[in-house]
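All remarks here apply to the structure that follows.
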Amino acid sequence: MSLDQSTIDNLAAHLETCELEARDTAKITDEYPEMDWDDAYAIQDRIRQRKLARGERIVGFKAGLTSHAKMKQMGVATPCFGFLADSFALPEGGECKVSELIHPKVEPEIAFVTRTALQGPGCHIGTVLAAIDFVMPGIEVIDSRYRDFKFDLKSVVADNTSAVRFVVGGRPLPVAEVDLRTVGIVLEKNGQPVLFGAGAAVLGHPAAAIAMLANHLGARGEHIPAGSLILSGGITEAVAVQAGDAITLRVQGMGSVGLRFV
Ligand code: 0L1
Ligand code: MG
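The numbering of the sequence shown is the UniProt record's numbering, which starts it at 1 and goes up by one.
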């Protein structure tokens, strides 16, 4: 690590305040170019501790930048991982208030719920499928705290990978009842189909993103608890939304889930 504890605390407070007050900021590596990966995840951990200290609960995790479309859109080459707090969850068909956000975008994702804990290292698609209870459609709303979504990967990790809101729903399916590589998705914006894809866009198989997450957490002495919700990453690039937009995600065999931006 190259940053001291008080710098990590200050950067976590700064980024979380930007999240809570819907204010953007320059990417933090502009001021701290020496920041390394351990620093970046330590800042994210500190944001998680701040939320826990306020009584929020951590309901799961997310993998980000897991598809080539997303990596190309953001100009990066590696996935990243973040956490999901209960305050991020929106009801199915509910409202997402844009006044609470900076410049939201949506991503179509497959959400996983674990039946048993997953502990890396050594997790692979098989271990993941054996530990999953069910999968369902999920829309992630991302909202980078960085001005104009301009960042590098370490800054994104520190910023909890742009996590801010999500909705899951539709028809949950036991994982054995779906081929997650060929499952098709359509994302509709205001009734118009705008994005199309298949599960294989996420690292060849969305469960590979969960295995990477478990191995990443295992390397840091953590695990994925039973009953966790995990967003496996956008199948397509992200789409910008504004007040008045209605978004629906349809996933083959799993029904649909939607949100209205107000
Ligand atoms: O969930 C994601 O793929 C987002 C990762 C963070 C980068 C971004 O804000 O697009
Ligand atoms: Mg995402």
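Just so you know, even glycine gets a beta-carbon here, dropped at the ideal spot from N, CA and C. If you're wondering where the values come from, they're calculated on a predicted model, not measured in any experiment.
Item: Nearest residue (CA-CA) to glycine 258, options Lys189, Leu65, Val202, Gly93; Value: Gly93
Item: Of the residues Ala163, Met136, Leu217, the one placed nearest aspartate 38, counting alpha carbons only; Value: Leu217
Item: Nearest-angstrom Cα separation, counted from glutamate 100 out to alanine 22; Value: 6 Å
Item: Any non-hydrogen atom of ligand 1 within 7 Å of cysteine 123 CB; Value: no
Item: Sub-8 Å separation of isoleucine 43 and leucine 84 beta-carbons; Value: no
Item: Whole-angstrom distance between threonine 25 and glutamate 31, CA atom to CA atom; Value: 11 Å
Item: Local conformation of cysteine 18 per DSSP, three classes; Value: helix
Item: Burial state of arginine 165, where buried means 16 or more other Cβ atoms lie within 10 Å; Value: buried
Item: Cutoff 6 Å; reference threonine 78; Cβ partners in own chain excluding five residues on either side; Value: none
Item: Distance cut-off 7 Å: methionine 71 Cβ against heavy atoms of ligand 1; Value: no
Item: Proximity test, residue 263 beta-carbon vs ligand 1 heavy atom, cut-off 7 Å; Value: Past the edges of the chain, shown from 1 to 262, lies residue 263, and the structure says nothing about it.
Item: Beta-carbon contacts of residue 269 that lie in its chain and below 6 Å, excluding the five residues immediately before and after; Value: Here the chain covers residues 1 to 262 and nothing more, so residue 269 does not appear.
Item: Check: glutamate 109 C-beta below 7 Å from any heavy atom of ligand 2; Value: yes
Item: Three-state secondary structure (DSSP) of serine 256; Value: strand
Item: Close beta carbons around arginine 171, own chain, < 6 Å, minus the five adjacent residues each side; Value: Met254, Gly255
Item: Closer than 7 Å: phenylalanine 83 CB and nearest ligand 1 heavy atom; Value: no
Item: Cβ contact check for the stretch 189 to 199 and the stretch 232 to 239: 3 or more pairs under 8 Å; Value: yes
Item: Endpoints, beta strand (DSSP E) assigned at leucine 180; Value: Looking at the DSSP string, leucine 180 is not in any beta strand (DSSP E), and its letter there is neither H nor E.
Item: Integer Cβ distance of lysine 72 from valine 241, believed to fall under 8 Å; Value: Contact flag wrong, Cβ pair sits at about 20 Å.
Item: Separation of aspartate 152 from methionine 35, as counted between CA atoms; Value: 11 Å
Item: Distance CB(leucine 180)-CB(proline 206) smaller than 8 Å; Value: yes
Item: Start-end ranges of the alpha helix (DSSP H) lying completely within the UniProt domain "Fumarylacetoacetase-like C-terminal" (103 to 258), minimum 4 residues; Value: 125 to 131, 153 to 158, 206 to 219
Item: Check: leucine 231 C-beta below 7 Å from any heavy atom of ligand 2; Value: yes
Item: Sub-8 Å separation of alanine 63 and leucine 231 beta-carbons; Value: yes
Item: Threonine 66, DSSP secondary structure in three states; Value: coil
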